[in-house]
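Comments concern the structure below.
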Amino acid sequence: MNHFGKICCLLMTMSLLTGGCLSLKQPAMRSDYYSPEYDPPKVSDKKMLPFVIGVDRFQVAPFYDTDKIVSRDGAFKRSANTYHRWISNPGNIVSYFLARDIKSSGLFKAVFSSDRSISPSHKVAGAVDEFFEQKETDSGSAVICVSITLMAENEPDVSKRVLLQKKYGEQEICARKEPQALAEAMSKAMSRLFGKIIADIYDCLADKL
Numbered sequence: 000m001n002h003f004g005k006i007c008c009l010l011m012t013m014s015l016l017t018g019g020c021l022s023l024k025q026p027a028m029r030s031d032y033y034s035p036e037y038d039p040p041k042v043s044d045k046k047m048l049p050f051v052i053g054v055d056r057f058q059v060a061p062f063y064d065t066d067k068i069v070s071r072d073g074a075f076k077r078s079a080n081t082y083h084r085w086i087s088n089p090g091n092i093v094s095y096f097l098a099r100d101i102k103s104s105g106l107f108k109a110v111f112s113s114d115r116s117i118s119p120s121h122k123v124a125g126a127v128d129e130f131f132e133q134k135e136t137d138s139g140s141a142v143i144c145v146s147i148t149l150m151a152e153n154e155p156d157v158s159k160r161v162l163l164q165k166k167y168g169e170q171e172i173c174a175r176k177e178p179q180a181l182a183e184a185m186s187k188a189m190s191r192l193f194g195k196i197i198a199d200i201y202d203c204l205a206d207k208l
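The sequence shown runs 0 to 208 under numbering that gives the first Met the number 0.
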């Protein structure tokens with residue numbers, strides 16, 4: 000084979016190898032994002048209390064401190080889905096919706112996120128202890144558990160500052176085995192859970208008048 004023929008063969012080989020490599024490349028898979036959606040829980044007619052409530056960003060248990068949807072597949076086992084994610088970290092989601100629901104209740108003079116410059120009369124802090132999909136049923140279920148602490152910001156005696164400390168949990172079966180159904184179930188669970196929290200905060204502060 001002459002020199003020109005060798006060059007042609009080399010170029011053809013390189014072309015085939017390059018084409019093969021290109022064909023192996025797969026397009027990047029898209030991540031889908033999900034968010035709870037629900038109307039603020041309804042409350043019975045009660046008079047507004049003259050308190051300003053601040054809601055801190057909730058801390059998150061290490062197992063769920065991610066925007067990936069976390070599933071419990073069995074005892075001691077958790078998995079996180081790279082392609083199905085919450086719109087934000089569970090701490091942000093819980094803090095936002097709780098503040099929104101407390102404000103929508105109309106039971107308090109004002110409600111703010113605690114990063115505002117306005118100093119509240121009372122502060123709600125807490126942690127997201129559980130926020131996951133339970134896969135041990137046919138369609139799965141949404142599980143949420145939070146701990147809250149209600150504190151009087153203007154109380155000089157530290158031992159009297161904590162007014163309420165309680166843990167709340169809810170579970171809702173998914174209608175279908177898919178991420179959107181999980182978001183729907185989590186929305187229902189959050190609505191019930193926050194309704195209970197708001198009622199307890201109101202009753203606690205009403206007793207202080």
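Even for Gly, the Cβ is constructed at its ideal location relative to N, Cα and C.
- Query: According to the Cβ coordinates, are ARG84 and TYR37 closer than 7 Å?
  - Reply: Annotated as distal: ARG84 and TYR37, with beta-carbon spacing of 7 Å or more.
- Message: Between the segment 111-119 and the segment 49-69, can you find at least three pairs of beta-carbon atoms closer than 8 Å?
- Response: With a cut-off of 8 Å on Cβ pairs, the segment 49-69 is in contact with the segment 111-119, counting three or more such pairs.
- Within this structure, are the beta carbons of PRO178 and GLU152 separated by less than 7 Å? Against a cut-off of 7 Å, the Cβ pair of GLU152 and PRO178 comes out as no contact.
- Query: According to DSSP, what are the bridge partners of GLY168?
  - Reply: Per DSSP, CYS144.
- Query: How about VAL220 and GLU154: are their beta carbons less than 7 Å apart?
  - Reply: The question about residue 220 has no answer here: the residues shown for the chain are numbered 0 through 208.
- Segment contact flag, the segment 61-71 with the segment 123-137, C-beta cutoff 8 Å, min 3 pairs: Yes, since at least three Cβ pairs between the segment 61-71 and the segment 123-137 fall closer than 8 Å, the two stretches touch.
- Query: Between ILE172 and the rest of its own chain, which residues show a CB-CB distance below 6 Å, the 5 nearest in sequence each way excluded?
  - Reply: Only SER140 meet the Cβ criterion.
- Please check the pair LEU106 and VAL145, which I expect to be a contact at CB under 8 Å, by giving their CB distance rounded to whole angstroms. At roughly 19 Å, the Cβ-Cβ gap does not stay under 8 Å, so LEU106 and VAL145 are not in contact.
- Which residues does DSSP pair with ALA151 in a beta bridge? Answer is HIS121, bridged to ALA151.
- Measuring alpha carbon to alpha carbon, tell me which of ILE52, PHE193 and SER138 ends up nearest TYR167. The residue with the shortest Cα to Cα distance from TYR167 is PHE193.
- Message: Using only CA atoms, which one of ARG29, ALA109 and THR65 lies nearest to VAL127?
- Response: The closest CA to that of VAL127, considering only ARG29, ALA109 and THR65, is found on THR65.
- Task: Below 7 Å CB to CB, which residues in the same chain sit around ARG175 once its five sequence neighbours on both sides are set aside?
- Result: Hits under 7 Å: SER138.
- Item | Reduced DSSP category for ASN88 - H, G, I as helix; E, B as strand; rest coil | Shown here, ASN88 sits in coil according to DSSP, grouped into three states, outside any helix or strand.
- Are there 16 or more other CB atoms within 10 angstroms of the CB of TYR201, so buried, or fewer, so exposed? Around the beta carbon of TYR201, 16 or more other beta carbons sit within 10 angstroms, so the residue counts as buried.
- Query: Mind checking VAL157: buried by the 16 CB within 10 Å criterion, or exposed?
  - Reply: Under the 10 Å beta carbon count, VAL157 is surrounded by fewer than 16 other beta carbons and is classified as exposed.
- Can you have a look at SER22 and say buried or exposed, based on whether 16 or more other CB atoms are within 10 angstroms of its CB? Only weak support exists for where SER22 lies, its pLDDT of 46 falling under 50; the value from the coordinates is given anyway. By the neighbour-count rule (16 or more Cβ atoms within 10 Å), SER22 is not buried but exposed.
- How would you call TYR63, buried or exposed, if buried means at least 16 neighbouring beta carbons within 10 angstroms? Buried is the label assigned to TYR63, since at least 16 other Cβ atoms lie within 10 Å of its Cβ.
- Message: Measuring only the C-alpha atoms, how far is ASN80 from ILE52?
- Response: Those two C-alpha atoms are separated by around 35 Å.
- Close Cβ partners of SER34 (< 6 Å) along its chain, the five nearest in sequence each way excluded: Short of 6 Å from the beta carbon of SER34, and not among the five residues preceding or following it, lie these beta carbons of its own chain, in chain order: ILE86.
- What do you reckon, are the CB atoms on ILE147 and GLY125 nearer than 7 Å? Result yes, Cβ atoms of ILE147 and GLY125 sit closer than 7 Å.
- Provide the residue span of the alpha helix (DSSP H) that contains TYR201, from first to last. That run of the alpha helix (DSSP H) goes 178-205.
- Query: Where does ALA74 fall in DSSP's three states?
  - Reply: Of the three classes helix, strand and coil, the one that applies to ALA74 here is coil, per DSSP.
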